[in-house]
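S.K.: Encoded as C-alpha cells, here's the structure I'll be asking about.
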C-alpha cells in the first residue's frame, strides 16, 4: 500500500476513533469544557511541548555522532524533525525516512543510520519508564505496566548486547512477513547498535529521554489546567500520560491510536475525572503532542531534502 494511502487511513481511523469517544460522551459537557478553555495557557503549551523535542534531537545528534555520522547541526536538526511527519506509523518505523534523507543528502549508508531509529525506540521506552516510576506512588495500578515495560527492556538490552542472540532474533523475525522490511535494514548493522548501547551511551541517552518526557509532561499538565482541572498534581499526570503511551506502543498500532486514548481515559476516570471531560482532555493532549509534532514534521521535511523522497514514495 502506498505511503499516502496509509497516512490517509490513519487519519480516517483517528477521526472515527475520536468521533466514537465523543459519541459515548456527554456532548453538552464537552462543549462547556471547550468554552471554558483558559487561553492564557495556550502560548505556554505551544512553546513547552516543542521545547521538549529539543532533548530528543540532542539524543539523536549524540547517537549519530557516536556512530561516526558527523553532520552540520542545523541540517541534522531538520532531518531529525522530518521524521516526526511519519511518526504516526506502527512503531514509528516511518521515521526510517531519516535514514533515506541521510543517504540522499550525505551518502550515509542505510546500514549505519537505520539501526539508530531502532535504538531510539528503545530509549523512548527507557525514558517513559523512568518518569512513570516517579509518579507510580500516585497510580499504584500503573506498576504492572511499568514492570512489564521494565522486563521487556531488559530482554531487549540482553539481546542487543549479545551478537549471537541478536542474529538469532533477526532470523526469527525474518520469518514474519511484516517484520522483514525492517529487519533487512538492520541485519548487517550490529556494530552500529553495539556502540549505541554502551554503558555511558545508555546513561546519557536515557537521561535525555527522561528530560524529554518530564518537559512534555509539563505541557500536558498545562493542558489539564487549561480545562480547570486542578485536583491532580504533575506526577499524577506524567504517570498517567507515560503509562498510556507505553500501553499504546505495546499495541504496535499506528501512534497507538485507540489504545493510548482509551487507557488514558480509563486512568483519568480512576482519578475522579468523569468520562466526558476525560475524553475531550485526551483528544486535546493528543492534538497538542502527536498531531502537533506531525505537522511540524511535514513542514521541516520541505527543507531537509525529505519532501522529494516522500512525494516519490506516494507516486
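Numbering (my numbering), first residue to last: 10 to 324.
We put the CB at the ideal spot given by N, CA and C, even for glycine.
Only a predicted model underlies this, so the values are computations on that prediction, with no experimental measurement involved.
#1: Look at the alpha carbon of residue 278 and the alpha carbon of residue 314, and state the distance between them as a whole number of angstroms.
#2: Return the Cβ separation of residue 276 and residue 249 in integer angstroms, given the expectation that the two are a contact with Cβ distance under 8 Å.
#3: Report buried or exposed for residue 123, applying the criterion of at least 16 other Cβ atoms within 10 angstroms of its Cβ.
#4: Counting only the same chain and skipping the five closest in sequence on each side, list residues whose C-beta sits under 8 Å from that of residue 178.
#5: Take residue 216 as the anchor and find which of 232, 244 and 61 has the nearest alpha-carbon.
#6: Where does residue 270 sit, in a helix, a strand or coil, going by DSSP?
#7: Which residue from 221, 241 and 49 puts its Cα closest to that of residue 230?
#8: Please report how far the alpha carbon of residue 113 lies from the alpha carbon of residue 285, in whole angstroms.
#9: Thinking just about the alpha-carbon of each residue, which of 165, 96 and 138 is nearest to the one in residue 128?
#10: Pull up the distance between the alpha-carbon of residue 64 and that of residue 85, whole angstroms please.
#11: May I have a chain-ordered list of the alpha helix (DSSP H) segments no shorter than 4 residues that lie completely inside the stretch 272-311?
#12: Given a cut-off of 8 Å on the beta-carbon distance, is the pair residue 137 and residue 222 in contact?
#13: Provide the residue span of the alpha helix (DSSP H) that contains residue 241, from first to last.
#14: Relative to the alpha-carbon of residue 57, which residue among 76, 105, 298 and 87 has its alpha-carbon at the smallest distance?
#15: Apart from the five residues just before and just after residue 253, which ones in its own chain have a Cβ nearer than 7 Å to its Cβ?
#16: Give the straight-line distance between the Cα atoms of residue 95 and residue 294, rounded to the nearest whole angstrom.
#17: Residues in its own chain within less than 8 Å of residue 318 by CB, not counting five upstream and five downstream?
#18: Exposed or buried, which one is residue 306 when buried takes at least 16 other CB atoms within 10 Å?
#19: By the three-class DSSP mapping on this structure, what secondary structure does residue 52 have?
#20: Using only the alpha-carbon positions, how far apart do residue 296 and residue 173 sit?
#21: Mind checking residue 133: buried by the 16 CB within 10 Å criterion, or exposed?
#22: Using the Cα positions of residue 81 and residue 39, report the straight-line distance between them to the nearest angstrom.
#23: Beta-carbon within less than 8 Å of residue 170's beta-carbon, same chain only, minus the 5 sequence neighbours each way: which residues are those?
M.R.: Taking the coordinates as given:
#1: 44 Å
#2: 5 Å
#3: buried
#4: 168
#5: Distance from the Cα of residue 216 is smallest, within the candidate group 232, 244 and 61, for 61.
#6: helix
#7: 241
#8: 48 Å
#9: 165
#10: Approximately 14 Å between the Cα atoms of the pair.
#11: Considered as a whole, the stretch 272-311 harbours 284-295 as its complete alpha helix (DSSP H) runs of no fewer than 4 residues, in chain order.
#12: yes
#13: No alpha helix (DSSP H) contains residue 241, which DSSP labels as neither H nor E.
#14: Per the Cα distances, 298.
#15: 269, 272, 273 and 276
#16: Put simply, the backbone Cα of residue 95 is about 19 Å away from that of residue 294.
#17: 106, 109, 110 and 113
#18: buried
#19: Collapsing the DSSP output to three states places residue 52 in a helix.
#20: 42 Å
#21: In the assembly as shown, residue 133 is a buried residue. Its beta-carbon has 16 or more other beta-carbons within 10 Å.
#22: 47 Å
#23: In chain order, 203 and 206 place their CB closer than 8 Å to the CB of residue 170, counting only its own chain and leaving out the 5 sequence neighbours on each side.
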